[in-house]
Amino acid sequence: MVSPLPELVIAEFHKKIKDAFEVFDHEANNTVDVREIGTIIRSLGCCPSEGELHDLIVEVEEEEPTGYIRFEKFLPVMTKVLLEKRYRPIPEDILLRAFEVLDPSKRGFLTKEELIKYMTEEGEPFSQEEMEEMLSAAIDPESNSIRYKDYIAMMVVDDG
Amino acid sequence: VQSPISIYYHLTFHAEFASFKAAALIQRWYRRYMARLETRRCCTWRIFQSIEYAGQQDHVKLHDFFSYLVDHFTPNSNHESEYDDYESIEVPDNYTGPRLSFPLLPNHATALVEAFRLKQQLHARYVLNLLHETRKHLVQLPNINRVSTCYSEEITVCGDLHGQLDDLIFIFHKNGLPSPERAYVFNGDFVDRGKESVEILMILFAFMLVYPKEFRLNRGNHEDHMVNLRYGLTKEVMHKYKTHGKKILKILQDVFCWLHLATLVDEKVLILHGGVSDMPDLELLAKLDRHKVLTTEVVSCEREGRAGSCPGAGSAPWAPPPGLPRGHRASRSSSIPCSCGPPWGPGAGRCRQQAGPPRAGRRGFRKETISWSFQVVDILWSDPMAQEGCKANTVRGGGCYFGPSVTEQLLQKYNLQFLIRSHERKPEGYEFCHRRKVLTIFSASNYYEVGSNRGAYVKLGPALTPYIVQYQANKETHRLTMRQRISRVEESALRSLWEKLFASSLDLLGEFKKHDADKTGLITLSAWAEAVESVLHLGLPWRMLKPQLVNSSTDNTLEYKSWLEDLAKEQLSRENIQSSLLETLYRNRPNLEAIFRITDSDHSGFISLDEFRQTWKLFSSHMNIDITDDCICDLARSIDLNRDGHIDINEFLEAFRIVEQSSTEGDTSDCPQATNTDNSGCSKPSKR
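Chains as they are written, first to last, in my numbering: chain Y, 8 to 167; chain G, 3 to 690.
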């Protein structure tokens, strides 16, 4: 199949980005709260780290940050991100590998305390809210542990 | 063979900071997952709001029609004494509900709460008696009510309840019943939509009579008989009180007009239902004759673009002529001293243009004599916005959007600390804005669906620091994870959306065909999104919703005919979707109810065949619906089951449900004629 013309691809990206932006444009004035930018970018299929997100925000912010991001600034930056296929999602097997790194003795699970320690002290730490939310879905109440293989399978199905 | 990415990660994990990197990876993935959930949640919210809002948009087209109806069907009220005559109503001995005697005592009010919790119904005689006493009480009170924390140590302010009795009971349970030490202010919109508006009113009025100094009620835009016609209170009253409902509605109409417009706490915190305009005039507000504002439904202005913040709680309004005597059938064109005629007459176009942004233009023509009624409209309908300035509230069609400086201006002018208002649904039940100078408080939890939003109330002590309590009056939700909560709400939203899509099947087919010039039966998903939006005008992000609405097609195309067929199967299963009349009726159901209730001016529950035909003809011409006279006649006759020349409104709506039901049972017909089946078949309640 012939791949579509670049203009069409860009046009399609523009529409996608506009739709995603509009979901969070609560006052219908082509701006969104800067705190929602991460959600918007992720909803478009990208998976940036917090650091990468921060850099993106700097690119789309006004020179004097207002706390709001305008669509006109967001669109070209986001289009480039999509065209360059930046911040690709993480494949399932890699995710599994990551959990296994945290579980060197290969028990197949992490205890609640271990998960909390890793998630709140290492990497780009979770807030308390994020931690609680993750635990609520991930913990197997009987063993008070996270069977990560099952957890991944459950979350991936949901992701759609 | 491992992919380059895999190898890269593999090597990474062997590096020194393996666990650090592994954690970062998991966090990154998890945050994306949560973002997807959050997006779904927002989309769901949007679906609900835009469907609700789209229903109101019909009002724009219908205003001429409504005004005609109101002019021709508003009754001459010469029987003002009718509703005062409750003493002659007998209460049967076998009545087991609560009994009231006046003057009311605290235990009467408490008993009411308990009785309603047990699903009992208050007898019409007590309802009327209570309303009569309530009115007597309200008449003496000022427009702006003043409360002081010197007397009550704490004041609790609650927002919209919208007929959700569970939330009221929950608030009393959690916060305590009203008492001289525990003052309450209820900030409007007690009724409509929920199923227990009557019970809420009874409780609120009872406590107000028992604790007149400590228990106050502000008027909301739903405390309005025109709004009630459309949004459920009228229907609920007539359903629960078949014999005396008429009387109850009449006195209720009056009681609503006598409610406070605003409450002031310690001269520092202003509580009102909607918001303010850039020309707030509390002195004027205090002096005006609030009783004259029968209704604040104003004509809907041209809407710009999408629904935006989509408050959605009220209907599109049209303007009240101030000074209109109760029930007087005067031609409205004479009553507003406005240079461009009544807002809904021939000059309407001009008025509407002037009413659009910018705000300054709108004020230009207004004379002093009518500006006070707009003050009331502003108070009951306005919404805060983040941008500076003040512009007409084109979403609601009345009131304005007011920016932070407008709030600042108001607070400075009257030396206030902050403003408490309601009127808008908030996912958390409350929201601060304008640098914490405006607090929105909304007390109807799970407004759309279990799990859709929390309710909240706010408490003020002598220091006037707001202390907020949130809740969700449904035990189930606490046990669900966020993921599950979102799924449930999403399902509900999607069901509503499918209904809407189905109701427009024919139009959709037409649009799809336009995108399929080669008649391949396929269209691209992009074309699908465009077509759907051009038919439904819901302003939804269709590309974001695509995964839930369209079975994933790998090559980015859709077989639209089979998609539409699947849609029909989801909806009314074996329904004959060729019936455009049925679709039209289905689509306009909420309007039909409102129309028929207006037509049935004496609330008798009956309209004549002729009135029905005329009404329907007018309705279809205004809505540009192509229906033959014969079809209308057939429809009318088939509904008049006992052939006495009158149509029972409730039976009409039931008949409509029978038609839906019987079609699904296999006897399809071209024109939806209710066959002479008995009503026993239609037990399925239609979803609103």
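Note that CB positions come from ideal geometry on N, CA and C, so glycine has one too. Just so we're clear, the structure is a prediction, and the values are computed from it rather than from any experiment.
| Asked | Found |
| --- | --- |
| Nearest-angstrom Cα separation, counted from phenylalanine 404 of chain G out to isoleucine 253 of chain G | 34 Å |
| Closest by C-alpha distance to arginine 154 of chain Y, when choosing among Y:Gly130, Y:Glu121, Y:Pro13 | Y:Glu121 |
| Under 7 Å from the C-beta of serine 56 of chain Y: neighbouring residues of chain G | Ala26, Arg30 |
| Residues that methionine 141 of chain Y contacts on chain G, provided the C-beta gap is smaller than 7 Å | Tyr32 |
| Which residues DSSP lists as bridging isoleucine 146 of chain G, in chain order | G:Ala264 |
| Residue nearest to methionine 138 of chain Y in terms of C-alpha spacing, selected from Y:Lys119, Y:Pro148, Y:Glu149 | Y:Lys119 |
| Cβ of phenylalanine 614 of chain G within 8 Å of any chain Y Cβ | no |
| Presumed contact (8 Å Cβ cut-off) between leucine 167 of chain G and glutamate 201 of chain G, rounded CB distance | 5 Å |
| Terminal residues of the alpha helix (DSSP H) in which aspartate 40 of chain Y lies | Premise fails: aspartate 40 of chain Y lies in the beta strand (DSSP E), 38-40, not in any alpha helix (DSSP H). |
| The stretch 37-48 of chain G: positions lying closer than 8 Å to chain Y by Cβ | Ala37, Arg38, Glu40, Thr41, Cys44, Cys45, Arg48 |
| Neighbour list for methionine 126 of chain Y in chain G, Cβ cutoff strictly below 9 Å | Ala25, Ile28, Gln29, Tyr32 |
| Interface residues of chain G facing arginine 49 of chain Y [CB-CB closer than 9 Å] | Arg33, Arg34, Tyr35, Met36, Ala37, Arg38, Glu40, Thr41 |
| Host beta strand (DSSP E) of leucine 560 of chain G (start-end) | 559-561 |
| Per DSSP, the bridge partner or partners of serine 181 of chain G | G:Arg184 |
| Proximity to glutamate 567 of chain G [Cα-Cα], best of G:Asp520, G:Ser506, G:Phe209 | G:Ser506 |
| 3-residue-minimum beta strand (DSSP E) runs that sit fully inside the stretch 504-530 of chain G, ordered along the chain | 524-526 |
| Touching by the beta-carbon criterion (3+ pairs, under 8 Å), the stretch 231-245 of chain G and the stretch 275-290 of chain G | no |
| Secondary structure of phenylalanine 133 of chain Y, DSSP reduced to three states | coil |
| Proximity test, Cβ basis, 8 Å: glycine 325 of chain G and chain Y | With a pLDDT of 30 at glycine 325 of chain G, under the threshold of 50, the modelled position of this residue cannot be trusted, and the question is left open. |
| Cβ pair aspartate 191 of chain G, histidine 164 of chain G closer than 8 Å | yes |
| Buried versus exposed call for proline 214 of chain G [16 or more other C-beta atoms within 10 Å across all chains shown] | exposed |
| Contact with chain Y by proline 386 of chain G, beta-carbon distance below 8 Å | no |
| Cβ contact (3+ pairs, closer than 8 Å) linking the stretch 18-30 of chain G and the stretch 124-138 of chain Y | yes |
| Own chain residues within Cβ distance below 7 Å of tyrosine 416 of chain G, not counting five before or after | Leu284 |
| Buried or exposed (CB count within 10 angstroms, at least 16 for buried), serine 150 of chain Y | exposed |
| Test: tryptophan 544 of chain G CB closer than 8 Å to a CB of chain Y | yes |
| Neighbouring residues, chain Y, relative to glutamine 472 of chain G (Cβ below 8 Å) | Within chain Y, no residue comes near glutamine 472 of chain G; the closest Cβ sits about 15 Å away, beyond 8 Å. |
| is_contact[aspartate 26 of chain Y, chain G] using C-beta, thresh 8 Å | yes |
| Residues within the stretch 64-90 of chain Y neighbouring chain G, beta-carbon criterion of under 9 Å | Tyr75 |
| Host alpha helix (DSSP H) of leucine 248 of chain G (start-end) | It is worth fixing the name first, because residue 248 of chain G is lysine in this sequence and not leucine. Here the alpha helix (DSSP H) through lysine 248 of chain G covers 247-259. |
| Glutamate 513 of chain G beta carbon less than 8 Å from that of valine 1 of chain G | Past the edges of chain G, shown from 3 to 690, lies residue 1 of chain G, and the structure says nothing about it. |
| Chain G within 8 Å of phenylalanine 116 of chain Y, Cβ atoms only | no |
| Inter-residue Cα distance where the pair is valine 694 of chain G and alanine 533 of chain G | Residue 694 of chain G cannot be examined here, being either before or after the span of chain G that is shown, 3 to 690. |
| Alpha-carbon spacing of serine 50 of chain Y relative to leucine 540 of chain G, whole angstroms | 21 Å |
| Cutoff 8 Å: proline 13 of chain Y Cβ touching any chain G Cβ | no |
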